[in-house]
Each structure stands twice: as structure tokens, then as C-alpha cells.
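Everything on this sheet refers to the single structure shown next.
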Amino acid sequence: MTSKTKQYWLMKSEPDEFSIDDLAQRKNQIEPWSGVRNFQVRTWIKNSMRKGDLAFFYHSSCKIPGVAGIIKIVSDAYPDPTAFDLQSDYYDPKSNPQKPTWYCVDVQLVKKFPRFVPLQELRATPALHTLRILERGSRLSITPVTEKEWEIIVELGSRNQQMSIL
DNA sequence: GCCAACGTTGGC
DNA sequence: GCCAACGTTGGC
Numbered sequence: 718m719t720s721k722t723k724q725y726w727l728m729k730s731e732p733d734e735f736s737i738d739d740l741a742q743r744k745n746q747i748e749p750w751s752g753v754r755n756f757q758v759r760t761w762i763k764n765s766m767r768k769g770d771l772a773f774f775y776h777s778s779c780k781i782p783g784v785a786g787i788i789k790i791v792s793d794a795y796p797d798p799t800a801f802d803l804q805s806d807y808y809d810p811k812s813n814p815q816k817p818t819w820y821c822v823d824v825q826l827v828k829k830f831p832r833f834v835p836l837q838e839l840r841a842t843p844a845l846h847t848l849r850i851l852e853r854g855s856r857l858s859i860t861p862v863t864e865k866e867w868e869i870i871v872e873l874g875s876r877n878q879q880m881s882i883l
């Protein structure tokens, strides 16, 4: 895949493990997106993702799941070092540096949305009915997002907070 | 290569 | 904590 059109992704992380605020505190606000252990996602990382692609930072498996902000892919794919690290939860004895099974990219924070976009709201937005993570049984930790979906979610996340009308 | 059993994901 | 859905494993 070498087309120059913009590509967008949605990347899930459990905020208890690694949240958008954790990313904001990293040096240069950059962190390796490691630990992907699914072959389909691995292949996307390796063959489709490109430096410069944008992605949503999605908080999953938490009280209010949803899109927290925007990150950028700032490296090419490289072998996931956690797969070789005996101390890591993501250690995989079947992967080795000579022939790595798993890959990762570095991501950089672009911005945290002024307004968190809950999953509930994604579901309630008809124009987003094609969004991959809304599909029944969808479990992939990284999924492609269309340009149209991208723009709609950016708009939702950029809206001013609703004024309280008490 | 089939498929049952098991493990994981992730919303609720 | 439950459970549906999916991926992986391993016996045959």
C-alpha cells in the first residue's frame, strides 16, 4: 500500500494500563505502541501504517469507554521489543529478534480532545454506523477509520462543552 | 485440516 | 462479575 491519501486509525488502550494523560507526560509525548498480539493488527502495523498517519486514542475496558484524543504515527514499524523481554507481560517465546513475530510503532500525542467522546455517543451517531469498533463482536485493538468517520469524530471531540442551563 | 476446548476482549 | 464473540491451541 503506497498511496499518498491520508490514513486514519483507531487505537485502543486500557486507561488503567496506559491513558492519554500518561502519554502527555512522556518525553516529547512519544511512546511505543507495543503489545499488539493479534495477527491481523500486526499485519496492518507492518504493511499499511505509515509515518504521519493520524489515529484516535480510544479508552477501552473502563467506566466510560470512548475517544480521548488524537495521536500521530511517528515511526516506521519495528520489531516489538516487549516480545523478547522475559519481564514483560507481552513476552512471546515464539518470537525472536532474528525473525520477529510482532511489530510496533511510536506514537505522539497530537491533542487531547477538549471533550471526551463516549462510545455511547459514537453509537448514537447515525453517520458513524460503519465504524469498525461498533460492529458486533469487533475486538481488534487497532482498526482503520475512514476520512468521513474521522471528520465526524473530530467534530464531536472539538465541540465546546454544553453550557449548563440550570 | 477439522473442531472442541480454552483463553481473551471488552461492553454492560 | 457476566457473557457473547472471537482467536488460538492441540488432539485426532
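Numbering (my numbering), first residue to last: 718 to 883. Even glycine gets a Cβ: it sits at the ideal position worked out from N, Cα and C. None of these values were measured; they are calculated from a predicted model.
Range of the contiguous alpha helix (DSSP H) that encloses residue i
i      : result
Phe756 : Phe756 to Asn764
Glu748 : Careful: Glu748 lies outside any alpha helix (DSSP H), inside the beta strand (DSSP E) at Ile747 to Trp750.
Leu740 : Ile737 to Gln742
Proximal residues to residue i (C-beta, below 8 Å), its chain only, five neighbours per side dropped
i      : result
Leu883 : With a pLDDT of only 39 at Leu883, under the threshold of 50, the placement of this residue in the model should not be trusted, and no figure is reported.
Pro814 : Pro796 and Phe801
Lys763 : Ala794 and Tyr820
Cβ shell of residue i (< 7 Å), same chain only, five flanking positions each side left out
i      : result
Trp867 : Tyr725
Ser792 : Lys768, Val822 and Asp823
Ile850 : Leu727 and Thr860
Trp761 : Ile859
Proximity of residue i and residue j at Cβ, strictly below 9 Å
i      : j      : result
Ser751 : Tyr807 : yes
Gly783 : Tyr795 : no
Val862 : Ala785 : no
Met766 : Ile737 : no
Arg876 : Pro843 : no
Lys723 : Asp770 : yes
Simplified DSSP state of residue i, which is helix, strand or coil
i      : result
Gln825 : strand
Ile781 : coil
Met880 : Its pLDDT being 44, under 50, Met880 is placed unreliably by the model, and the measurement read from it follows with that caveat. Looking at Met880 - three-state DSSP - the assignment turns out to be coil, as it is neither helix nor strand.
Ala844 : helix
Leu857 : coil
Ile870 : helix
Arg849 : helix
Pro798 : helix
Lys865 : helix
Range of the contiguous beta strand (DSSP E) that encloses residue i
i      : result
Lys729 : Tyr725 to Ser730
Ala772 : Leu771 to His776
6 Å Cβ shell around residue i - same chain, five flanking residues per side excluded
i      : result
Leu873 : Val834
Leu836 : Pro782 and Gly783
Pro817 : Pro796
Asp809 : Ala800
Can at least three beta-carbon pairs, one atom from the stretch 794-807 and one from the stretch 849-864, be found at a separation below 8 Å? Cβ pair count under 8 Å is below three, so no.
Would the stretch 819-826 and the stretch 746-763 be scored as touching if the rule is three or more Cβ pairs under 8 Å? yes
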